[in-house]
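Mapped onto my numbering, the consecutive letters of the sequence shown carry residue numbers 1 to 376.
Beta carbons are placed, not taken as given, at the ideal position from N, Cα and C, and that holds for glycine.
Being a predicted model, the structure only gives us computed values, none of them experimental.
First up is the structure itself, then whatever we jot down about it.
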Amino acid sequence: MTKIVQMSDVHLGFAYAGLTDRHRQQQRQQDLWQTFLNALAYCQKIDAQLLLIPGDLFDTPNPDAALVQDVQDAFRKIAPIKVVIATGNHDFAYAGSCWDEPQKWPANVHLFTGTWSKLDFPDWQITIWGAGFTAPYAKISLLKPVTPQTNHWQIGVLHGDAFTPESSPYDPLTAEQIANSGLNWLALGHIHKRIQNQVGATAYAYAGTPEGHGFDEQGPKGVLVLDFIPGQTTPTVTFQPLAQRQYEELSVDLTGLNSNSEAAAKIETMLAEKYGPDYQRHLYKIHLTGALPTTALITEAGLTAQLSVFDLRLRNETHLAIDYQQLAQLDTLAGNFTKKVLAKIDQAHNDQEKAQAQLALDLGLRAFQEDLTNAH
Ligand SMILES: [Mn+2]
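Below you can see the structure in the form of structure tokens.
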């Protein structure tokens with residue numbers, strides 16, 4: 001049996017500029033590097049023969065020279081594990097790029113930096129095929145069909161877009177093309193989400209990024225372990241989580257709660273239930289929903305101060321527990337104000353306008369606290 005690890009879209013050198021706090025930004029850069037090293041250590045731990053990296057190992061086509069050297073050293077240390085890299089749209093190969101100095105890459109590393117070609121591993125009954133980006137775009141597909149062989153694995157390593165091939169400038173790969181590729185397995189990079197599929201006799205997967213880069217890359221992240229078992233036509237695939245931290249987005253209903261400490265307690269309980277006792281290490285975007293009592297004193301700053309998590313973004317979508325329609329009938333300042341703003345909410349052109357008007361209504365009504373008490 002041959003054991004292969006598939007990892008893609010690491011984007012080493014990514015700056016995490018979305019985090020404004022410098023320390024958190026640095027921590028995330030360390031996390032990314034640590035996950036890369038952990039993935040290599042994991043290959044050793046499970047005795048993998050090969051590590052496939054289908055593109056975007058680096059975040060840019062001209063990564064820092066020191067980073068490139070560190071990556072080369074890290075790969076050298078895991079020999080005799082073979083590392084097979086295909087360049088992607090972010091780290092495409094060009095004359096003078098880091099890929100262009102083969103003598104600097106350790107002997108256990110093989111690079112696909114141009115047109116479709118192959119690499120034979122006769123002892124393992126494996127041929128690895130691949131191609132690499134040589135520019136930010138590859139409008140014509142880089143994949144070429146190969147001849148299937150019995151008792152021999154044909155494996156492809158490629159950066160490309162199998163999801164919107166009709167319009168993609170990133171090595172478009174149609175289902176038909178993959179089905180006719182003659183490959184048993186196609187290791188793909190480009191989509192940062194973990195996706196596994198099969199068309200015809202060819203199975204393929206995006207491992208997704210091993211460490212998220214932002215809230216558009218949520219949930220557990222890691223690598224794929226591929227077990228090529230004699231007698232099977234496609235490998236057995238297992239997901240191995242490796243990310244240091246996760247990006248998570250959720251809604252918490254604060255209906256009836258009165259204080260920051262009550263709200264924080266409810267959120268903490270929910271996070272511990274969903275993400276385990278280690279929940280504090282993750283990054284959260286939390287939508288606060290529900291109907292708050294008009295007497296509630298819950299503030300974004302106060303709640304943030306009481307919630308100890310690595311990164312927190314709160315979205316206030318709560319409203320006051322008031323019968324707005326009933327209030328709008330009253331000929332009072334609060335009643336007339338409510339009537340006017342309800343009309344604005346009604347006429348809002350989009351959700352954002354609607355949310356803004358709702359917020360204005362609730363802020364205004366808090367100012368009319370006394371009238372509200374009379375109205376109930
Ligand atoms: Mn990528």
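- For the alpha helix (DSSP H) assignment, the uninterrupted runs of no fewer than 4 residues enclosed by the segment 159-203 are, from N- to C-terminal side, 175-179.
- Straight-line measurement puts the Cα of T113 at about 17 Å from the Cα of D161.
- Taking non-hydrogen atoms of ligand 1 into account, the C-beta of G88 is found less than 7 Å away from one of them.
- Put simply, the backbone Cα of A74 is about 15 Å away from that of K45.
- Within the same chain, Cβ atoms closer than 6 Å to the Cβ of G212 are found at K221 and Y247, the five residues on either side in sequence being excluded.
- The segment 86-106 makes no contact with the segment 30-50, as fewer than three CB pairs between them are under 8 Å.
- Annotated three-state conformation of W116 is coil, per DSSP.
- Look at the segment 38-98 and you find these whole runs of beta strand (DSSP E), each 3 residues long or longer: 50-53 and 82-86.
- CA-CA distance, Y206 to L183, rounds to 15 Å.
- Relative to ligand 1, the beta carbon of H11 is positioned inside 7 Å of a heavy atom.
- Relative to ligand 1, the beta carbon of H192 is positioned inside 7 Å of a heavy atom.
- Looking from the CA of Q280, the closest CA among S261, R245 and D253 belongs to R245.
- With respect to F14, D59 sits close: the two C-beta atoms are nearer than 8 Å.
- Put simply, of E166, N197, G189 and I155 the residue whose alpha carbon is nearest the alpha carbon of S181 is I155.
- Between ligand 1 and D171, a heavy atom-to-CB distance of less than 7 Å is absent.
- For D56, the shortest separation between its Cβ and any heavy atom of ligand 1 lies below 7 Å.
- Comparing alpha carbon positions, the residue from L292, P293, A291 and K274 closest to Y284 is K274.
- I128 sits in a strand when the DSSP states are folded into three classes.
- The beta-carbon separation of L143 and P63, rounded to 26 Å, does not stay under the 8 Å limit for a contact.
- Between V71 and L50, the gap from beta carbon to beta carbon reaches 8 Å or more.
- Y284: member of the beta strand (DSSP E) spanning L283 to T289, first to last residue.
- With a contact defined as Cβ atoms closer than 8 Å, P54 and S8 qualify at about 5 Å.
- Under the three-state reduction of DSSP output, R315 falls in the strand class.
- Inter-residue distance for Q69 and W99 is about 12 Å (C-alpha atoms, whole angstroms).
- Per the C-alpha coordinates, the member of L303, L314 and D278 positioned closest to H287 is L314.
- Straight through space, the alpha carbons of T304 and S261 are spaced by roughly 11 Å.
- Around the Cβ of G200, a 10 Å sphere holds fewer than 16 other Cβ atoms; the residue is exposed.
- Using a 10 angstroms sphere on the CB of D56, the tally of other CB atoms reaches 16 or more, which defines it as buried.
- The continuous stretches of alpha helix (DSSP H) do not include F133, and DSSP gives it neither H nor E.
- Assigned with DSSP and collapsed to three states, W33 falls in helix.
- Distance from the Cα of L250 is smallest, within the candidate group Q326, P106 and E317, for E317.
- Measuring C-alpha to C-alpha distances from A135 to each of Q125, H349 and D171 identifies D171 as the nearest.
- Selection P102, V225, L297 and E300 evaluated against D47 yields V225 as nearest (Cα-Cα).
- The DSSP assignment places 260-275 as complete runs of the alpha helix (DSSP H) inside the segment 236-283, in order along the chain (cut-off: 4 residues).
- The criterion of a C-beta distance shorter than 8 Å is satisfied by V237 and Q196.
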